[in-house]
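Here the sequence shown stands for residues -19 to -1, 1 to 152, numbered as in mature numbering (1 follows the signal peptide of the UniProt record, and there is no 0). Using N, Cα and C, we set each Cβ at its ideal position, and we do this for glycine too. Since the model is a prediction, treat every value here as computed from it, not as a measurement. First up is the structure itself, then whatever we jot down about it.
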Amino acid sequence: MKSTVLAGAMLAFSTLGLAACGGADAPAEEAANGPAGLEVSNARVVLPAVSGNPSAVYMEIENSSDRDVMLRAGTVEGVGNYVIHKMGTWDRQMSMDEVMQLPIRSGETVSFDPGEMHMMTDATPETVEAGSTVNVNLSFVGGAQMVVPAKVLAAGEDREAGADSTVMDDL
């Protein structure tokens, strides 16, 4: 009898322990639409000069909320995964450094600009054409996702040109 009670108690405590490890779930609304208070503008995908090479994604992300968020890599529709890169210097040489997670502090705007910071995609298939629009999925720590439309530009087009802004605030 004692072993049955002890086994039941151990099961209950282990279940509580596992539940505590999961942390608080993001509200369903936030998980589907991105963290409240984020605005993405000027989103664009620049195709590579050589077909089949990686493309670059640029945009501005403004955090007008009262809390910090952390961006992780995500996907580009029709292209695949992307990795965040920031240009730096190592041993007096330019380097392209992978950023595993990018903090976007409350009240800040983070810019992905040519020559500074970008999202590099997997090899870009020929089915992704200049002039079209693709969805960029931004993944955040905590599980929130945000889908942003991005204009696709040819390699020679102005990389500063972009698309409309997307506001995710209490959707």
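Leaving aside the five residues before and after residue i along the sequence, list all residues of the same chain whose C-beta is less than 6 Å from its C-beta, in chain order.
{"i": "V80", "result": "I65 and K67"}
{"i": "M100", "result": "V38, Y63 and I65"}
Where residue i and residue j are concerned, what is the direct C-alpha to C-alpha distance, given to the nearest angstrom?
{"i": "T102", "j": "E138", "result": "18 Å"}
{"i": "A136", "j": "A30", "result": "5 Å"}
{"i": "N118", "j": "N23", "result": "15 Å"}
Can you name the start and end residues of the beta strand (DSSP E) that residue i belongs to?
{"i": "Q74", "result": "Q74 to V80"}
{"i": "L28", "result": "Here L28 belongs to no beta strand (DSSP E), and DSSP marks it neither H nor E."}
Please name the residue in the options whose C-alpha comes closest to that of residue i.
{"i": "L134", "options": "S36, V122, S92 and M127", "result": "S36"}
{"i": "P16", "options": "G112, P84, N116 and A136", "result": "P84"}
{"i": "K132", "options": "V115, T70, S120 and N44", "result": "V115"}
{"i": "D94", "options": "R25, L19 and G18", "result": "R25"}
{"i": "G112", "options": "L28, V21, V50 and G18", "result": "L28"}
{"i": "E41", "options": "V31, M98, S32 and D72", "result": "M98"}
Helix, strand or coil: which one does DSSP assign to residue i?
{"i": "A37", "result": "strand"}
{"i": "E110", "result": "coil"}
{"i": "V122", "result": "coil"}
{"i": "D49", "result": "coil"}
Quick one: what's got a C-beta closer than 8 Å to residue i's C-beta in the same chain, skipping five residues either side?
{"i": "G59", "result": "P106, T108, V109 and V115"}
{"i": "E89", "result": "E43 and N44"}
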